Every structure is written in structure tokens, then in C-alpha cells.
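Trainee: Submitted below is the structure of interest, expressed as C-alpha cells.
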Amino acid sequence: MYDFFFGGELSVATVLFRFFIAFLLSGIIGFERSRHGRPAGLRTHIIVCLGSTMTALIGQYTCMVLGFSSDPMRVSAQVISGIGFIGAGTILIRGRGHVTGLTTAAGLWTTACIGIATGLGFYSGAVICAVIFFLAAGALTRIETIGKNGKNIIRVYLECDDAAATNAVLDILTGDEYGLYGVEITQPRTGISNHLGIEAIMPIPNKGDNKKDLVNSLARVEHILFAVETV
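Residue numbers for the sequence shown follow the working numbering, beginning at 1450 and rising by one.
Okay, here's the thing in C-alpha cells:
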């Protein structure tokens, strides 16, 4: 039983079990990212984790089955650096030098590491890392609403009814009236063609009804179909 879970022969059952664990853990992370409308969601995280699990299994297979005298971690080591190319594609710089997509890029890199750990049979490390990442990326989001420089902030989802007008909307949001902190362009939640979703981080003067006033004000901006507070 120990060999099945943590080492020994790479049987079909062992390989299937490790892929299942990789699928499960990356699915949890991907679901959390997808729920918040991030560009790399459920499918991306699962595919990245399965691929990195495969590289770890390839390394073990070449040494344990084929008998090659090579480093079993050679292929997996390339994943750690190579995944940066995928992560870099999710990082954007928007207005006032605000950077978005860093958490998504870091999530993909961490998911790849979880896949490698799973492929090597290091299940405890993979599970603990996945749980902590889920808490850090999800539950700790609320702590960020404390704001920057002691100010209160609000996360708002806006839907632009005309993709061509996105720049004009962003110009308004980054103006003195709203003072946008950060923004991320996402798929429209309505699924309507030519619409774009905007995940915005906005400052609010005080708590309470000021949030509702801000959301209502944003909903009245030209080309904004609706605005809702998110977490």
C-alpha cells in the first residue's frame, strides 16, 4: 500500500491516482479563480497541473522503468521556468501604473509546482499548498478591502455595453471623480456579444451607504450596463 501511494512501481493504478489528485487540487484552485472572473480559470489551472504532473512522471519513468541514469527532475525543472511564459501573458499594466494579473500568474506557477509534487507522490505537500493557496487567494481577499494608505476600497464589477467604448469608460474611472486603484478586463457575465467585463478597485470615503452611492453612480456612467459590488 505504501508503494502504491508514495513510491515503488509506476503501475497504471498509481499513475491514474496521481492524475486524479492533480485534477482535484488544481480544480479547487481553478474554481476559485474562475469564480472571481480571472483570465486563467478552471480549465487552465487543471491543464497546467496535469501537464506538470506528467513531467514528474516522465522523469520517474525514464529512471525506474527505462533504467536511464539521468536526473529524474530534469524535465520538471524546465516547467518551473517555462510556466513563466504563460503567467506573463496574464499580467497587464493599466492606468496610473497599476499592475493586474500578478495573482493569476503566481497561481499558475504554484499550480505547476503542485502538479510536480503530485507526480512525485508528495501528496501531503501538494494538498497543504493547495489549501493554503485557496485561503490566500480567496478568503484573504476581504482583508485587502482595508485599502491602501488607510483608505477604504470597494471591488466592483462593471459591464461595458460596447467594447469599442472601453477606453472612454476607463478614462472616466481613472479621473478625479472615481480615482481608480486597479482594473482587470474580463469576459462579460451576461455573455452578450461585444460586451466587456471590468473588475475595478475603487476608493470610497467612508463605509455604509457611500458604497451604494458609488455603485449607483458607476451604473449611470455612459456605456456601463450595470455595476455590482464583488468580493
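Where is the CB? At the ideal position from N, CA and C, for every residue including glycine. Please read these numbers as outputs of a predicted model, since none were measured by experiment.
Helix, strand or coil for L1506 per DSSP?
Mentor: Position 57 of the sequence shown, counting from 1, holds the residue named residue 1506. Reduced to three states, the DSSP call for L1506 is helix.
Trainee: Apply the 10 Å Cβ neighbour rule to F1675 and answer buried if 16 or more other Cβ atoms are within range, or exposed otherwise.
Mentor: Position 226 of the sequence shown holds residue 1675. Label assigned to F1675: exposed.
Trainee: When you compare the CB positions of P1652 and G1628, do they come within less than 7 Å of one another, or not?
Mentor: Numbered from its first residue, the sequence shown carries residue 1652 at position 203. Numbered from its first residue, the sequence shown carries residue 1628 at position 179. It is a contact, given that the beta carbons lie within the stated cut-off.
Trainee: Using 7 Å as the threshold, is the C-beta distance between F1583 and I1477 below it?
Mentor: Position 134 of the sequence shown, counted from the start, is the residue given in the question as residue 1583. Position 28 of the sequence shown, counted from the start, is the residue given in the question as residue 1477. Against a cut-off of 7 Å, the Cβ pair of I1477 and F1583 comes out as a contact.
Trainee: Give the secondary structure of F1675 by DSSP, where H, G and I count as helix, E and B as strand, and everything else as coil.
Mentor: As a position in the sequence shown, residue 1675 is number 226, starting the count at 1. If DSSP states are grouped into helix, strand and coil, F1675 belongs with the strands.
Trainee: Whole angstroms is fine: what's the gap from D1611's alpha carbon to A1649's?
Mentor: Here the question's residue 1611 lines up with position 162 in the sequence shown. Here the question's residue 1649 lines up with position 200 in the sequence shown. Approximately 17 Å between the Cα atoms of the pair.
Trainee: Starting from the C-beta of N1659, find all residues in its chain whose C-beta is less than 8 Å away, skip the five residues before and the five after it, and write them out in chain order.
Mentor: Counting from one through the sequence shown, the residue named residue 1659 turns up at place 210. Once the five neighbours on either side are set aside, the close Cβ partners of N1659 are I1653.
Trainee: For C1578, which residues does DSSP report across the bridge?
Mentor: What you label residue 1578 is simply residue 129 of the sequence shown in a count that begins at 1. The partner list for C1578 (beta bridge, DSSP) is empty, contrary to what the question assumes.
Trainee: Among all the DSSP beta bridges, which residues are the ones paired with I1643?
Mentor: Counted from its first residue, the sequence shown places residue 1643 at position 194. Note that residue 1643 corresponds to Asn in the displayed sequence, not to Ile. Partner(s): none; N1643 has no beta bridge.
Trainee: Where does V1461 sit, in a helix, a strand or coil, going by DSSP?
Mentor: Counted from its first residue, the sequence shown places residue 1461 at position 12. Helix at V1461.
Trainee: What residues are listed by DSSP as bridge partners for I1653?
Mentor: Start at 1 with the first residue of the sequence shown, and residue 1653 comes out as number 204. Paired residue(s): N1601.
Trainee: Would you check if the distance between the CB atom of S1525 and the CB atom of I1565 is smaller than 7 Å?
Mentor: Counting from 1 along the sequence shown, the entry for residue 1525 is found at position 76. Counting from 1 along the sequence shown, the entry for residue 1565 is found at position 116. Closer than 7 Å, so yes.
Trainee: Just to confirm the assignment, what range does the beta strand (DSSP E) spanning T1635 have?
Mentor: Locating residue 1635 in the sequence shown gives position 186, where the first residue counts as 1. T1635 -> beta strand (DSSP E) spans 1631-1635.
Trainee: Let me check understanding here. Comparing Cα to Cα, which of D1620, L1473, G1624, P1637 lies closest to T1502?
Mentor: Stepping through the sequence shown from its first residue, residue 1502 is reached at position 53. Of the listed residues, the one whose Cα sits closest to T1502 is L1473.
Trainee: Please return the same chain residues whose Cβ sits closer than 8 Å to the Cβ of Q1509, not counting the five positions on each side in sequence.
Mentor: As a working note, residue 1509 is residue 60 in the sequence shown. Cβ neighbours of Q1509 beyond the five flanking positions: L1459, P1521, G1568, L1569.
Trainee: For I1532, I'd like the list of residues in its chain whose CB is within less than 8 Å of its CB, leaving aside the five on either flank, ordered along the chain.
Mentor: To locate residue 1532, count along the sequence shown from 1; it is residue 83. Excluding sequence neighbours, I1532 sits near V1497, S1501, L1557, W1558, A1561.
Trainee: Using only the alpha-carbon positions, how far apart do R1669 and F1480 sit?
Mentor: Translated into positions along the sequence shown, residue 1669 becomes position 220. Translated into positions along the sequence shown, residue 1480 becomes position 31. If you take the alpha carbons of R1669 and F1480, they lie about 32 Å apart.
Trainee: For V1580, does the count of other Cβ atoms within 10 angstroms reach 16, so buried, or fall short, so exposed?
Mentor: Residue mapping note: residue 1580 aligns to position 131 of the sequence shown, counting from 1. It counts as exposed.
Trainee: Output the distance between the C-alpha atoms of R1545 and G1624, rounded to the nearest integer angstrom.
Mentor: Stepping through the sequence shown from its first residue, residue 1545 is reached at position 96. Stepping through the sequence shown from its first residue, residue 1624 is reached at position 175. In this prediction, R1545 scores a pLDDT of 45, lower than 50, which makes its location untrustworthy; no coordinate-derived value is stated.
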